[in-house]
Each structure stands twice: as structure tokens, then as C-alpha cells.
Amino acid sequence: MKLLKYVKTRDLQPIVSAIEHNTWFTGLDLSGVKMTGETQAEVLKVMHKNCLIEDINLSNTGITVEFVVKLGTAILSNTGSQLTRIDLSKNLLDDRAMISFLGSLSNLSRGLSHLNISNTKLTGKGLNKIFELMTQHDSIFGGLQVLNISDNSTKGEDLQNMYRFLGNPNNITHLDLSGIECALENLMVALQRGCTSLTHLYLSKNVYTHKKKEIAVQPSWKQFFASTCSLEYLDMSYCKIPVDALKELMLGISSNMHLTNLHLNVAGNDFQQTGSINIESTIANIHNIASLDISNNNLDHGLATLLPWIKTNKSLKHLSIGRNFEHVKQKQLPTVLDGIVQLIQDEDCDLESLSLADSKLKHHISLVINALGSNGSLTELDISGNQMGDFGARMLSKALQINNKLKTIIWDKNGVTSQGFEDVADALEKLKNCESLYLKEFHNEKMPTPVNDMVVAQQRSPEKTEAAIQRLLPQLQDVADRSTGEDNPVGKRLKELSDDLKKVLDNQMKKTVEDMLECTTKQFTAINQR
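Each residue of the sequence shown is one higher than the one before, counting from 1 in this note's numbering.
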């Protein structure tokens, strides 16, 4: 039951109470609902008696330490509990309550498959106790597939019990350790040994090492990336990864013959130009990275030499390089941006998505926008947060009229005023009206409304902005409708499937009626012969 967030508070208690005797629903989702004491009491009754609930989600519900302890007792007393998924995230809890709760799950016959205790104010000592408990109760926690303990500050605590638990053979596919301040160099040893089924690994806002001096890249670091078999998404953003560790990471992935279509996020690691050189030396030969986020790394001038190498990579489909231009002088920006222009215009480039978000390129972004006219592969472009103003909006409106490849453009936070909105509205209207010339070639499916710019413009010039918005919004809605209507490939295919299903049902109904008539005729004939 996942619609309770839309129920009024006064109506919530009787609904939850009814679930106590439920024989239909297998999940109870109260996430985002601030529960009253009465509702909490009903939840305890449900978990004490119900033998069908498999999934309980109490994320961000305002539950207390006392409630969590009582919840554990209720589950423990329910010998027929089928619970396998628990989410207590985003609540002000503590070590004692969580240890008590998890210790009360010893009678779960099926064990846990999903556990989310992220952002619950756990400490490093508390997490060590929790992982010690989880290791001791392998029948309950050994089958975990999804584990999320993110955003619990350990303040540099040595998480040996966590490494020990993860180092034992397990079935974890989704692991989120973001923001717990663990040392990645120690973690990788455990992951390589025990977490052989990982598909999604979230490690942002940790650190490579807690050492202050003599930082060396251990062989186990590269070995994990070279040996993991199922990884699809890896987030190591904002981890202060040394540039040498970056190179070993890339080399490890490059040598891994099991990985395909990996999404790699290493944003915010301050790699600078040295890191850019390390990426250059490996990116051309990496066959298994489909998405790469290297934004906010102070790459600056390093992009000028890095982008030509990226252009040669045939597996890379999505690239994010925003917030890397802060230390490039204005007169040198065209040289750096030329690499992006060449990337967009290259017919042999396989890149489909490019993000330059929050780069503050100002009028220089027009160099990129102008290149869209001869865009060879890009279907999605994010140029939000570049302060391009009305000049950039005018360039964008011109590009929209000649581009036949781009499907998605994100363009908010650019200081566009009513005049810029008018220019874009003009372009979209022309595309709509000149059907014989433009519409068949216009593939734009998504152009989100620039809400932030509209709010600012409305404050400065209410009447002009209102008039421009009244013209622009219907055009943006038309773009949105185009992406969900029957004219797009997905819509056409759904209609085809619907028509096919109708034909099958019609034929089946016709045959059923014919069989009934035949049967009736035979019976009627037999009766008359008597």
C-alpha cells in the first residue's frame, strides 16, 4: 500500500488499523508521512499480527527511538512475519535504538533482502556494533541484496567490522556507503573478496585514505575494478581520489572484459590538469564506459587536449564536464571550447549526451550552441547555469530551427529575460507552423520550462515576462506532448500493440460466440430428435 502519503492525517489511523487483518497487501509504505502517536500504535499492532507484510517503509516519518525499539519487539513477537524489506531512513534515531531493532529480527524466516538505515544519526562505533551483529546473524542478513547506510557520519572511525561483513561472500547488488567517511583503499579489499554481485556502488563523499603522508595506491585498488563482474553504476564523486589512484582505476576498468555500459561518476575530486592527462592516457582504449562524469574537477586547460581523445572513444555515450572552466581566462575560452565544438560536429563521434551545466561560460556558450546546426550525434544537451542571457537565448532559438538531431535541451539558470523567452517562443512557433519545411525534421522531445529564470524575470519586469511566458509555455507543452503522443516511436509502438491486442481479443470473442452457437445448435437438434 503506497498511496497513504495522499491521505489526510485524521484518516490515516483507521486505514493502518484495517491492515492489521489484511489478506491482500504485501507492503506498507508510509514514507514522508509524519505519523501521530495513534498511527504509530496501529503500525505496531500491524507488525505484531500481520503475516503477509513483506515490505515496510517508514522513511522520513518522524519516528522516535522509543518507537523503533517497540517496532523491533512487535516484529520479534510475530512468529509468522514475512518481512524482507525495511526502510527506516531519514529519521532522528541513534546507535542504541538501531542495534536493539536489528537484534530483534532474529525470527524472520525469510531473512532480509533490503535494508535502508541511511541518515539515521548513527556513529562509527554504532555502525561497527551493527555490522558485528549482522555478521553473527548470517541467516538474517547474509541474503541482503540492497544495503544503504549512507549519510551517517563516522568521523574517521575505523570500520573494521563493516569491512569484515562485506568481505564475507554475500549477494549484495546495490550498496550505498555515501557520506560515511570510510577509507576507500581499505574498502576495496573487502569488496573484491565478498561483494562479487555488485551492480550499483555508491561511494560519494568518502575519502581515499585517512593517511596524511606517504599515500600509495595499493594493488587491491586496481584489482577490484579489473575483476568485478556485474558493475553497472559507480559513484566515487567528491572522494579526494589522488590522480595516481584515478589512473589505476581507469586501467583496471579498461582491462575488465566482463563490464559493459558502466556509468562512472568521479566528479568533484579536484583532479586538475594532472588528472586530465591520466584520463587522456586511458580513455581512448576503454571499451566499457558508457557514461562519464568528470565535472567540477578544475580540469580547465586540460580539457583542450582531453576532448580530442574522448572523441575517439566509441563506447562513451554520456559525458558531463561542467564546472571545469573557472581558471580559464576569457580570451582563452574559445580555444578550450573548440574541443567541444569539434565533438558535437564530428560525424564519427558516438556521444549522445553532453552536460556543461553550471560552467558560467556567459556569451562563450554561443560557440557550443552555434555548433548544434551541424550536430552529428548529440541527442541531449544541458547548458543550464551558464549565464548566457538573452544573447544566448537568441542563438539557441536559431539553432532550434536548423537542428534535426537534438531531443532534449536543458537551459534554465541562464539569466534569460522576457526578450529571450520571446525569441525561443518565436522559434518554436515557426517550427510548428512551417510543417512542410521544418516539422518533419524537428525531433525535440524535451525542453523543460526554465522556472528559475522565469521567476527572476517576473520580479524585474512582470508585464513583459507574463506576456512572453504566455507565448512560450504552450510551445513547451507542445514539445512535451510530442514526446508522449502517438507520433513518437514509443507511442506508435504502443498503439500497434494495442491494435494487435484488440484484434486477438475480437477474434477470440468471435470464436467463443461461434462455439457457443454450435453447441447450442447441436443441443437443440438433439432435443428435437427426441
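Glycine is no exception: its CB is placed at the ideal position from the N, C-alpha and C atoms.
What does a CB cutoff of less than 7 Å around residue i pick up in its chain, not counting 5 residues either side in sequence?
| i | result |
| --- | --- |
| L472 | F421, V424, A425 |
| N50 | I19, E20, N22 |
| E352 | K317, H318, S377, L378, T379, E380 |
| V328 | D300, H301, V336 |
| L159 | G124, L127, N128, C182 |
| E429 | Q475 |
| P169 | G194 |
| L166 | A190, L191, G194, C195 |
| K440 | At K440 the pLDDT is 34, less than 50, meaning the model places this residue with poor confidence; the figure from the coordinates comes in the next sentence. Nothing listed; no residue qualifies. |
| N313 | I283, A284, I286 |
| S104 | G72, T73, I75, L76 |
Residues in the same chain with beta-carbon distance under 6 Å from residue i, minus the five sequence neighbours each way, listed in chain order, please.
| i | result |
| --- | --- |
| L147 | L115, I172, L175 |
| H210 | G156, A183 |
| L80 | Per the sequence presented here, residue 80 reads as Gly, with Leu not at that position. For G80, where only same-chain residues beyond five positions count, the Cβ hits under 6 Å are C51. |
| Q419 | D390 |
| G385 | A357, D358, K413 |
| G268 | S237, Y238, N296 |
| A371 | V341, I344, Q345 |
| S17 | E42 |
If you count every other CB in all the chains shown that lies within 10 Å of the CB of residue i, and 16 or more means buried, which is it?
| i | result |
| --- | --- |
| E466 | exposed |
| S77 | exposed |
| K212 | exposed |
| E214 | exposed |
| G32 | exposed |
| G27 | exposed |
| V217 | buried |
| P450 | buried |
| E326 | exposed |
| C229 | exposed |
| K205 | buried |
| R394 | buried |
| V455 | exposed |
| N261 | exposed |
| E42 | buried |
| S106 | exposed |
| K34 | exposed |
| F118 | It should be noted that the sequence gives Ser, not Phe, for residue 118. Its Cβ being crowded by 16 or more others within 10 Å, S118 is buried. |
| L463 | The identity of residue 463 in the sequence shown is Glu, whereas the question assumes Leu. So E463 ends up on the exposed side. |
| I402 | exposed |
| S37 | Position check: residue 37 holds Gly in this sequence, whereas Ser was assumed. Counting Cβ neighbours within 10 Å, G37 comes out exposed, since fewer than 16 surround it. |
| Q330 | exposed |
Less than 8 Å between the CB atoms is what I'm expecting for residue i and residue j, so what's the real figure, rounded?
| i | j | result |
| --- | --- | --- |
| G373 | A399 | 6 Å |
| S355 | D382 | 4 Å |
| N57 | L30 | 7 Å |
| T417 | S461 | 7 Å |
| N256 | A226 | 5 Å |
| L44 | L83 | Their Cβ separation, rounded to whole angstroms, is 14 Å, which puts L44 and L83 out of contact at 8 Å. |
| I294 | S320 | 7 Å |
| L122 | D87 | The Cβ separation is near 15 Å, so there is no contact. |
| L201 | L231 | 6 Å |
Take every Cβ of the stretch 163–181, pair it with every Cβ of the stretch 239–246, and state whether three or more of those distances are shorter than 8 Å. No: the two stretches stay apart, fewer than three of their Cβ pairs being nearer than 8 Å.
Below 8 Å, how does it come out for the stretch 356–365 and the stretch 422–430: are there three or more Cβ pairs, yes or no? no
What residue ranges within the stretch 167–244 form continuous alpha helix (DSSP H) runs of no fewer than 4 residues, ordered along the chain? 184–194, 219–227
Could you pull out every unbroken alpha helix (DSSP H) segment of at least 4 residues lying fully inside the stretch 374–452, listed in chain order? 389–402, 418–433
Of all the beta strand (DSSP E) runs that stay within the bounds of the stretch 85–127, which reach a length of 3 or more residues? Those beta strand (DSSP E) runs which fall completely within the stretch 85–127 and span 3+ residues are 85–87, 114–116.
Should the stretch 276–287 be called in touch with the stretch 249–263, which here means at least 3 C-beta pairs below 8 Å? yes
Going residue by residue through the stretch 33–58, where are the continuous alpha helix (DSSP H) segments of at least 4 residues, counting only ones entirely within it? 37–49
Any chance you could list the beta strand (DSSP E) runs of at least 3 consecutive residues sitting entirely within the stretch 247–308, in chain order? 262–265, 289–293
Alpha helix (DSSP H) segments (min. 4 residues) lying fully within the stretch 297–370: 302–311, 333–345
Residue ranges of each alpha helix (DSSP H) run of no fewer than 4 residues wholly in the stretch 55–84, ordered along the chain? 65–77
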